[in-house]
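In my numbering, the protein residues as written are 152 to 440.
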């Protein structure tokens, strides 16, 4: 009981510190890149899009932090002692894990600017209340948090966490492009988001979150060696994503048609988002090797 309480208090304390650090880094980044945007500190918080993006940032950091705190709690549970589990190796691994959470999160922000929404200044867009950009960036942050959680959870050297995070991030960026040119080729989703189209933001965000759930599920757990873990991850991800794509192409259109929803409406896209996330969670919970 006392170990469970310790783990809860530890996560709250670490989470608070990590959110404050991430907020400070984000403010410094924005001030360095766009000093003109923060002349009045409170004005940027008047933008709903900015608030949505920051909420995604905080949740991303908390997801990664939870993995680190859970590793510490699991070590305490295995040793049946809080103090007895606090070895130097665990402390170093945990500190490196927390530092990695921040690096992972802001690497994702750079990836958004460089690869996914590259035709618009995303900082200006969210400050000017482009909610489509805000929603998409928030979803990318949350998806990155899920990947961070999977990469950092379990026993294994911090290098393995970086390797699997980078594999996950590469898949993430790849599917960002596939969304544009293969999965939804009938409309230019990226340009629509940059212009403020919330429908495109919803469907892209949903797809990226689903992909992140499959990546997280494939990489979470103890590290047994690259020769074993990488094939397992690729097989697990391919199986789960294949089932999801089958649903999306063959079953989802029938549901939308049966509900008599206009295909490009916000109602249609909102319904698709709810269904896709529900199906993805179900696949993650029930499909395994």
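Idealized CB from N, CA, C, for every residue including glycine.
Which of the three DSSP states is assigned to residue 264 in this structure? In the chain shown, the residue the question calls residue 264 occupies position 113. Residue state, collapsed to three classes: helix.
Do residue 267 and residue 245 have their CB atoms nearer than 7 Å? If you number the chain shown from 1, residue 267 lands on position 116. If you number the chain shown from 1, residue 245 lands on position 94. Taking 7 Å as the Cβ cut-off, residue 267 and residue 245 do not qualify as a contacting pair.
Among 340, 158 and 272, nearest to residue 448 - alpha-carbon criterion: Only positions 152 to 440 of the chain appear in the structure, and residue 448 is not among them; the question remains open.
Restricting to Cα atoms, I'd like to know which of 288, 295 and 364 is closest to residue 345. Residue numbering aside, residue 345 sits at position 194 when the chain shown is read from its first letter. Looking at the Cα atoms, 288 is the closest of the given residues.
What does the alpha-carbon distance come out to for the pair residue 297 and residue 389? Position 146 of the chain shown holds residue 297. Position 238 of the chain shown holds residue 389. Going from the Cα of residue 297 to the Cα of residue 389 covers about 18 Å.
Grab me the residues of residue 435's own chain with a C-beta within less than 6 Å of its C-beta, minus the 5 sequence neighbours each way, in chain order. On the chain shown, residue 435 is found 284 positions in, with the first residue counted as 1. Cβ within range, chain order: 364 and 368.
Assign residue 273 to one of two classes, buried (16 or more other C-beta atoms within 10 Å of its C-beta) or exposed (fewer than that). Looking up residue 273 in the chain shown gives position 122. Result: buried.
CB residue 170 to CB residue 212, shorter than 7 Å? For this step, residue 170 is matched to residue 19 along the chain shown. For this step, residue 212 is matched to residue 61 along the chain shown. Judged by their CB atoms, residue 170 and residue 212 are nearer to each other than the 7 Å cut-off.
Closest to residue 280 by C-alpha separation, out of 204, 165, 438 and 290, would be which residue? Within the chain shown, the letter at position 129 stands for residue 280. For the residues 204, 165, 438 and 290, the minimum Cα distance to residue 280 belongs to 204.
Same chain only: Cβ atoms within 6 Å of residue 235, ignoring 5 sequence neighbours per side: As a working mapping, residue 235 is identified with position 84 in the chain shown. Excluding sequence neighbours, residue 235 sits near nothing in its chain.
So, under 8 Å CB-CB, residue 293 and residue 181 are touching, yes? Tell me the CB distance rounded to an integer number of Å. Translated into the one-based positions of the chain shown, residue 293 becomes position 142. Translated into the one-based positions of the chain shown, residue 181 becomes position 30. Incorrect: roughly 20 Å between the Cβ atoms, too far for contact.
Buried or exposed: which applies to residue 375, given that a residue is buried once 16 or more other Cβ atoms fall within 10 Å of its Cβ? What you label residue 375 is simply residue 224 of the chain shown in a count that begins at 1. Exposed.
Given a cut-off of 7 Å, decide if residue 200 and residue 124 are closer than it, judged by their beta-carbon atoms. The chain is shown only over 152 to 440; residue 124 falls outside these bounds and no answer can be derived.
CB-CB under 6 Å to residue 392, same chain, minus the five flanking residues each way: which ones, in chain order? Position 241 of the chain shown, counting from 1, holds the residue named residue 392. Counting only Cβ-Cβ distances below 6 Å, and skipping sequence neighbours, we find 365.
Using the Cα positions of residue 424 and residue 194, report the straight-line distance between them to the nearest angstrom. Position 273 of the chain shown holds residue 424. Position 43 of the chain shown holds residue 194. When rounded, the distance between both Cα atoms is 31 Å.
Taking the alpha-carbon positions, what's the residue 354 to residue 160 distance? For the purposes of this step, residue 354 is taken as residue 203 along the chain shown, with counting starting at 1. For the purposes of this step, residue 160 is taken as residue 9 along the chain shown, with counting starting at 1. Cα to Cα, residue 354 sits roughly 36 Å from residue 160.
Going by other Cβ atoms of all chains shown within 10 Å of its Cβ, with 16 needed for buried, is residue 255 buried or exposed? Walking along the chain shown from the start, residue 255 turns up at place 104. Flag for residue 255 reads buried.
Give the list of continuous alpha helix (DSSP H) stretches no shorter than 4 residues that lie fully inside the region 269–326. 273–278 and 282–303
Ends of the alpha helix (DSSP H) at residue 346? Mapped onto the chain shown, residue 346 falls at position 195. Here residue 346 belongs to no alpha helix (DSSP H), and DSSP marks it neither H nor E.
Does DSSP classify residue 217 as helix, strand or coil? Counting from one through the chain shown, the residue named residue 217 turns up at place 66. Residue state, collapsed to three classes: helix.
Which residue from 226, 348 and 320 puts its Cα closest to that of residue 416? Taking the chain shown and counting its residues from 1, the one referred to as residue 416 is at position 265. Checking every option, the nearest Cα to that of residue 416 belongs to 348.
Cα-Cα separation between residue 396 and residue 361, rounded to whole angstroms: The residue labelled residue 396 in the question sits at position 245 within the chain shown. The residue labelled residue 361 in the question sits at position 210 within the chain shown. If you draw a straight line from the Cα of residue 396 to the Cα of residue 361, it comes to about 11 Å.
Pop quiz: residue 221 and residue 304 are said to be a contact at Cβ under 8 Å. What is the actual Cβ separation, rounded to whole angstroms? Position 70 of the chain shown, counting from 1, holds the residue named residue 221. Position 153 of the chain shown, counting from 1, holds the residue named residue 304. Confirmed, about 6 Å.
Hey, which unbroken runs of the alpha helix (DSSP H) at 4 residues or more fall wholly within the region 362–419? Segments of the alpha helix (DSSP H) lying fully in the region 362–419: 377–397 and 403–409.
Is the distance from the Cβ of residue 299 to the Cβ of residue 166 below 7 Å? Numbered from its first residue, the chain shown carries residue 299 at position 148. Numbered from its first residue, the chain shown carries residue 166 at position 15. Contact: no.
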